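Residue numbers (the numbering used here): 9 to 162.
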């Protein structure tokens with residue numbers, strides 16, 4: 009059974025846009041590269057041809073991956089939820105040093121710590137799921153156990 013993937017509407021739309029670009033523009037570019045490479049002659053020692061074939065395979069793999077992802081995607085929204093769910097923007101406070109951080113809990117395909125999006129399957133994300141404002145939770149890290157309190161859920 010295929011694994012369900014959770015996406016925000018924004019990320020779903022980004023994937024649809026990327027898929028459209030890959031199927032139209034990128035496929036055409038790669039086809040043109042292949043035609044040019046074929047015109048250069050002997051394909052067995054034609055680096056341009058082999059590179060274009062590799063690019064074509066990468067593009068087709070990406071198309072298949074995105075199509076699969078979109079087919080099995082569940083669009084998430086945390087509007088009105090009083091507990092942490094996929095799509096929630098949460099503010100947490102570490103109990104030890106009172107440091108606060110804000111994250112969005114997202115599916116694995118959307119996770120990007122650089123922009124504050126944590127995977128629902130990460131130690132922090134999975135420990136926070138289902139918690140209410142004011143509740144504490146703990147999760148393991150390589151540096152030891154961390155305990156946090158949910159300060160806000162949006």
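All C-beta atoms, glycine included, are put in the ideal place defined by N, C-alpha and C.
Values in this document were obtained by computation on a predicted structure and should not be read as measured data.
Exposure of residue i, with buried meaning 16 or more beta-carbon neighbours within 10 Å
i           : result
residue 162 : exposed
residue 57  : buried
residue 37  : exposed
residue 113 : buried
residue 20  : buried
residue 121 : exposed
Cβ distance (whole Å) where residue i is taken to contact residue j below 8 Å
i           : j           : result
residue 103 : residue 157 : 6 Å
residue 118 : residue 16  : 7 Å
residue 80  : residue 12  : 6 Å
First through last residue of the beta strand (DSSP E) which encompasses residue i
i           : result
residue 15  : 13-16
residue 92  : From DSSP, residue 92 is part of no beta strand (DSSP E); its letter is neither H nor E.
residue 127 : 125-127
residue 112 : 108-114
residue 34  : It is not in any beta strand (DSSP E) - residue 34 carries neither H nor E in the DSSP assignment.
Terminal residues of the alpha helix (DSSP H) in which residue i lies
i           : result
residue 153 : Residue 153 -> not in any alpha helix (DSSP H); beta strand (DSSP E) instead, spanning 152-161.
residue 81  : Careful: residue 81 lies outside any alpha helix (DSSP H), inside the beta strand (DSSP E) at 81-84.
query: If you pair each beta-carbon of the stretch 115-135 with each one of the stretch 44-59, do three or more pairs fall below 8 Å?
result: no
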